[in-house]
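Chains as they are written, first to last, in my numbering: chain A, 1032 to 1233; chain B, 1032 to 1233.
Please read the structure below before turning to the comments.
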DNA sequence: CTCCCCCTATGACATCTGTCATCGCCGGCC
DNA sequence: GGCCGGCGATGACAGATGTCATAGGGGGAG
């Protein structure tokens, strides 16, 4: 019995190469490919794969968003995420979205094929290194608003702009930023953004 | 006559898959693989490939740095860069380093094989879209010091820290930042850093 | 030689940011 | 009911940042 696989990655080079390699395994069959989030969802709807292998970063909708959509629409389809640089927060988000596998692109195709089989059989697989990172990063100490405001501060916007976008008073924004900065042990909001990003808290 | 290819990419999944696909072409032979910059140089030294296909982002030394090293050491070896997200500045740097091909990972393996042949035959190939971006981005309006200081400001360090690292007076640093910000039409140094990064000027 | 641009620096000023104290409101928990 | 924590806001203050004028030295172009 062969496992029907959907492959979604915006990098044609990788997607094609991967499809070819996975196709060599005689119990795996790549039944659909997609280059964007929305396309992945559409292809899944049309081909009803057993396992969806999703890149984390795709135009339109990222891998986790696609996984969430598939979870709701095709309960029989297991999802897994493949990513170049895995941050702890992504893993946490992915797991929360019902993703069953989370692997970095540094694994071999051979290994990926095994993991696809495992996921299809019902087990979960998370890359040990990424799991360790996620555990050591721990939970976010930031409150919802602190995280939101920090997010808005990410592109270097001044306080007034952030306040406008968040519909908050500038003073309140500064308070949240201040508290976020102190919780993260950062020197200023920009390093705070960087730290929070590294730990996957925004 | 077969083209001997060196493949360097830190993502095992991509590298392996690509090696397999390129190996299917009967006039291409992947004679070496590497997962880091230094390893790529060592492998090139050992196997003397005709064409080196280098990922832009690798641990140790990025693709352009590797290309520069190879240019000096193995003049008979043509180099080309493959990258996920290509910024204009990278292309410029790559061309200056004597790289003969520059392609995004969104091309197909088929197309990549053709380009490898072309590069081996002595032509150059630059992805049209990336080329257009590079041209429209134009040249950097920043002076050497402005760019350097902006670079140091990238991680959100305060002026005092930047001044220390650049061995400059804090006042001078603020002047450079101010002038860079105004040249880039940014609101503050952090958005200036972002803009300069997008255009490949830092 | 002169002009111009870059590098470096200082001082002054206005504004922005970070921090703290304090307040009221709401919702959950003991 | 009382306590606590999060949310939203204000006011005040110190320190950081952005801007401008100014100035000397050096190097390249005309």
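By construction, the Cβ of each residue, glycine as well, lies at the ideal position given by its N, Cα and C atoms.
Secondary structure at residue 1064(B): strand, using DSSP grouped into helix, strand and coil. Of all C-beta pairs linking the region 1122-1130 of chain B to the region 1085-1103 of chain B, three or more are shorter than 8 Å, placing the two stretches in contact. DSSP, reduced to helix, strand and coil, places residue 1233(B) outside both helices and strands of the structure shown, so it counts as coil. Relative to the Cα of residue 1199(A), the nearest Cα in the group 1180(A), 1186(A), 1117(A), 1070(A) belongs to 1180(A).
Residue 1063(A) has its alpha-carbon roughly 23 Å from the corresponding atom of residue 1155(A).
Taking a C-beta distance under 7 Å as the contact criterion, residue 1077(A) and residue 1083(A) do not qualify as a contact pair. Close to residue 1189(B), with beta-carbon spacing below 8 Å, are these residues of chain A in chain order: 1218, 1219.
In the structure shown, residue 1185(B) falls within a coil segment according to DSSP collapsed to helix, strand and coil.
Here residue 1118(A) carries a coil assignment [DSSP, helix/strand/coil].
Going by DSSP, residue 1212(B) is part of the alpha helix (DSSP H) stretching over 1201-1215.
Residues of the region 1130-1151 of chain B with a C-beta atom less than 9 Å from some C-beta of chain A are 1134, 1135, 1136, 1137, 1138, 1139, 1140, 1141, 1142, 1143, listed in chain order. Taking a 10 Å sphere around the C-beta of residue 1110(B), we find 16 or more other C-beta atoms and assign the residue as buried.
Within the DSSP secondary-structure output, residue 1069(A) pairs in no beta bridge. By the neighbour-count definition (other C-beta atoms within 10 Å, threshold 16), residue 1171(B) is a buried residue.
From the beta-carbon of residue 1060(A), no residue of chain B is found nearer than 7 Å; the closest lies around 17 Å away. Three or more Cβ pairs closer than 8 Å define a contact, and the region 1036-1050 of chain B falls short of that threshold against the region 1200-1214 of chain B.
Taking 7 Å as the threshold, the shortest C-beta distance from residue 1116(A) to chain B does not fall below it.
Taking the beta carbon of residue 1064(A) as reference, no residue of chain B falls within 7 Å; the closest one sits roughly 11 Å away. As the crow flies, the alpha-carbon of residue 1146(B) is around 15 Å from that of residue 1061(B). Within chain A, 1186, 1187 have C-beta atoms less than 7 Å from the C-beta of residue 1225(B), given in sequence order. For residue 1188(A), same chain residues with a beta-carbon under 8 Å away, outside a window of 5 residues either side, are 1196 in chain order. Beta-bridge pairing by DSSP links residue 1132(A) to 1111(A), 1156(A). Residue 1119(B) is classed as buried because its beta carbon has at least 16 other beta carbons within 10 Å across all chains shown. Taking 7 Å as the CB threshold, residue 1107(B) stays off the interface with chain A. Within the same chain, 1215, 1217 come within 7 Å of residue 1226(A) by CB-CB distance, once the 5 residues on both sides are set aside.
Residue contact check for residue 1173(A) against chain B: no CB pair falls below 7 Å. Per DSSP, residue 1103(B) is one residue of the alpha helix (DSSP H) stretching across 1094-1104. Under the 10 Å beta carbon count, residue 1116(B) is surrounded by fewer than 16 other beta carbons and is classified as exposed.
When rounded, the separation of the alpha-carbon atoms in residue 1233(A) and residue 1153(B) is 47 Å. DSSP places residue 1228(B) within a helical segment (H, G or I) once states are collapsed to three. For residue 1048(B), a Cβ of chain A is located within less than 7 Å of the residue's own Cβ.
Not one beta carbon of chain B lies nearer than 7 Å to the beta carbon of residue 1160(A). Between residue 1047(B) and residue 1139(A), the C-beta gap is smaller than 7 Å, which places the two residues in contact.
Put simply, the CB of residue 1072(A) is far from chain B, with every gap to its CB atoms at 7 Å or more. Taking C-beta atoms as the reference points, residue 1094(B) and residue 1067(B) fail to come closer than 7 Å. Taken through DSSP and simplified to helix, strand or coil, residue 1079(A) comes out as coil.
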